[in-house]
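Just so we're aligned: 170 in this note's numbering is position 145 of the sequence shown, and the numbers increase by one with no gaps anywhere.
From the three backbone atoms N, C-alpha and C, an ideal C-beta is built for every residue, glycine too.
One structure is given below, encoded as structure tokens.
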Amino acid sequence: MEGLDAVVVGGGLAGLAAAYRLAKDGLAVILFERGDHPGSKSMTGGRLYLEPVRPYLPELWEEAPLERMVTKERITAMAEGASVTFEFTSEGLRRPQPHSWTVLRSPFDRWFGEKVAEVGGFVIPQRKVTDLLKEDGKVVGVVAEGEEIPAQVVILADGVLSPLGEKAGLRGPLDPRYAAVGFKEVIRLEQGEIEKRFGLREGEGLAHLFFGSITKGVFGGGFLYTNRESLSLGLVVGIEAFTERLPAEMPELLEDFKARPEVAPLIEGGELLEYSAHLIPEGAHRVVKRLYGDGVLLAGDAAGFALNHGITVRGMDFALASGALAAQAVKEAKERGDFSSGSLARYEELLKGSFVLKDMEAFGHTSEVLAHGRLYDRYPYFLCSLAEEFFRVGAGPKEKISRTLWRFAKDLLLDSKTWKDLWRMREL
Ligand SMILES: Cc1cc2nc3c(=O)[nH]c(=O)nc-3n(C[C@H](O)[C@H](O)[C@H](O)COP(=O)(O)OP(=O)(O)OC[C@H]3O[C@@H](n4cnc5c(N)ncnc54)[C@H](O)[C@@H]3O)c2cc1C
């Protein structure tokens, strides 16, 4: 533990990416993970957008334990007793390289931990970092369960709550307005059965998002991802709504979701393998004051780097890229022999030049847009009623499509709240 360049706190994707890059560049690095192994405490939906992160960790993906390449995208708007589904598939999702893959964090992070060790980094599981070592306000190491471990720099990748980020003075506590809670089940199904049930070719996968009445009019939604031999199925609800307005308990909501006729046949006969719950930052970058300080950097969820855009849910790509960029900044700081805040400011510069801060800036307010209840009752109900008018042939003469459309458009557009919602949606 003597002469360390860097200590990384947290064996999630941000911490592992940082430790991997540092060790590969020949720096002496130790990563502490409080769980039994990297990934044992991590949870995700889980689809990883790989395109944005390829340039930062190019050599890893050939042998990574990815589950299925996503070739089919589905979004379902749900009302009581009805739903409308949009499905998209394209050669562009496969070529020139598959843009996204489903993942299971436990095997993925465990494998990544082994890669860190292969390139010379130390991954220490079952070790919680309890405090930061400071000298004249500068971070000079960590305290891990009573043991002082000095290092030139500490990368905090300790996840969404990041108490150590608070101790470092880089961020405040998580504000419930800027977080959601997710509940997830992993359900085992035969590989061939998954392909048959979801109309997939071997190795191909589906990403399916749901919104509407399943969250009883509050901010949130459902997800279903196909893995090689399992499904990841879950629900996410904004924390504020969860604690103050949700008219049902989360497990009950999840059971209702699973019982919906759009979902029940998809999971029928599956065996429950795993149940987990976790927080997700939703605009939590607002509680972060600075991304670096003297001898310390914040990466991944700890820095609030996650975006729910309604159509895309991202956090893992931000975690991987910010971890790799933190490592890059540390490597350059070592070359300068200067780990002060001024020197580590390079981290923010690197983030600004990357998709991480560009996307956070462009889409950082989507959580406010998505927090509006009409997205979960009025619009799904509207879509379902319109679809019913189109598809149903009643007893009398059928109305012309143009007339039905006009009737619905009038109803929607004469409502001043629609215009307010449309105005807000320019943030998406
Ligand atoms: C329900 C849900 C669905 C999601 N869906 C998606 C999705 O489909 N696609 C996507 O890209 N993103 C998704 N996300 C977001 C994504 O999972 C996160 O953004 C990403 O996992 C963040 O990685 P991280 O390394 O920053 O944090 P984490 O994965 O949380 O890792 C932090 C690690 O630090 C460890 N740790 C914490 N404190 C200490 C300490 N004091 N000492 C030692 N170790 C410590 C923890 O045990 C943990 O292993 C989802 C999240 C949730 C909860």
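Which residues share a DSSP beta bridge with residue i?
i      : result
Asp156 : Val168
Tyr300 : Glu210
Pro175 : Gly166
Ile305 : Ala205
Arg311 : None; Arg311 has no bridge partner.
Ile292 : According to DSSP, Ile292 bridges with nothing at all.
His233 : Arg99, Leu249
Ile426 : Note: Ile426 sits in no beta bridge, so no partner.
Arg196 : Val313
Phe433 : Answer is none; Phe433 lacks a bridge partner.
Ala89  : The partner list for Ala89 (beta bridge, DSSP) is empty, contrary to what the question assumes.
Ala182 : Answer is none; Ala182 lacks a bridge partner.
Ser257 : Val211, Tyr250
Determine the extent of the alpha helix (DSSP H) in which residue i is found, giving its start and end residues.
i      : result
Val141 : 130-143
Tyr404 : 403-416
Ile239 : Per DSSP, Ile239 belongs to no alpha helix (DSSP H) and is neither H nor E.
Leu47  : 38-49
Gly190 : 188-192
Starting from residue i and walking both ways along the beta strand (DSSP E), at which residues does that stretch end?
i      : result
Met94  : 94-104
Arg222 : Here Arg222 belongs to no beta strand (DSSP E); instead the alpha helix (DSSP H) covers 216-223.
Arg72  : 72-74
Asp446 : No beta strand (DSSP E) holds Asp446; the alpha helix (DSSP H) holding it covers 441-449.
Trp126 : 125-127
Glu269 : No beta strand (DSSP E) contains Glu269, which is instead part of the alpha helix (DSSP H) from 264-269.
Phe282 : Where Phe282 is concerned, there is no enclosing beta strand (DSSP E), although the alpha helix (DSSP H) it sits in stretches over 275-284.
Phe147 : 147-149
Glu112 : 107-114
Met56  : Note that residue 56 is Leu in the sequence shown, not Met. Taken as a continuous stretch (DSSP letters only), the beta strand (DSSP E) holding Leu56 covers 54-57.
Leu29  : 29-34
Can residue i be considered in contact with ligand 2, in the sense that its beta carbon sits closer than 7 Å to one or more heavy atoms?
i      : result
Asp161 : Because ligand 2 does not appear in the structure shown, any question about it cannot be addressed here, the ligands present being ligand 1.
* Asked: Residue ranges of each alpha helix (DSSP H) run of no fewer than 4 residues wholly in the stretch 316-392, ordered along the chain?
  -> 341-361, 366-369, 371-377, 380-388
* To do: Take every Cβ of the stretch 409-427, pair it with every Cβ of the stretch 358-366, and state whether three or more of those distances are shorter than 8 Å.
  => no
* Asked: Taking contact to mean at least 3 C-beta pairs separated by less than 8 Å, is the stretch 141-148 in contact with the stretch 291-303?
  -> Fewer than three beta-carbon pairs drawn from the stretch 141-148 and the stretch 291-303 are found closer than 8 Å, and the two stretches are therefore not classed as touching.
* Asked: Okay, do the stretch 375-392 and the stretch 303-323 touch, 3+ Cβ pairs below 8 Å being the bar?
  -> A contact exists between the stretch 375-392 and the stretch 303-323.
* Asked: Does the stretch 94-114 come within contact of the stretch 229-239, defined as at least 3 CB pairs closer than 8 Å?
  -> Segment contact: the stretch 94-114 against the stretch 229-239, three or more CB-CB distances shorter than 8 Å; contact assigned.
* Asked: At a cut of 8 Å, does the stretch 341-355 reach the stretch 33-51 through at least three beta carbon pairs?
  -> yes
* Asked: Just checking, does the stretch 320-339 make contact with the stretch 262-281 on the three C-beta pairs under 8 Å criterion?
  -> no
* To do: Decide if the stretch 86-93 is in contact with the stretch 124-137; the criterion is three or more beta carbon pairs, one per stretch, under 8 Å apart.
  => Flag = yes, the stretch 86-93 and the stretch 124-137 touch.
* On the three-pair Cβ rule with 8 Å, is the stretch 283-294 touching the stretch 414-423? -> no
* Is the stretch 224-232 in contact with the stretch 197-208, if contact means three or more CB pairs nearer than 8 Å? -> no
* the stretch 323-332 contacting the stretch 173-184, beta-carbon criterion three pairs below 8 Å -> yes
* Asked: Is the stretch 166-181 touching the stretch 342-361 in the sense that three or more CB pairs, one from each, lie closer than 8 Å?
  -> yes
* Asked: Is the stretch 375-384 close to the stretch 344-353, with three or more CB pairs under 8 Å?
  -> yes
* Are the stretch 196-204 and the stretch 259-266 touching, with three or more C-beta to C-beta distances below 8 Å? -> yes
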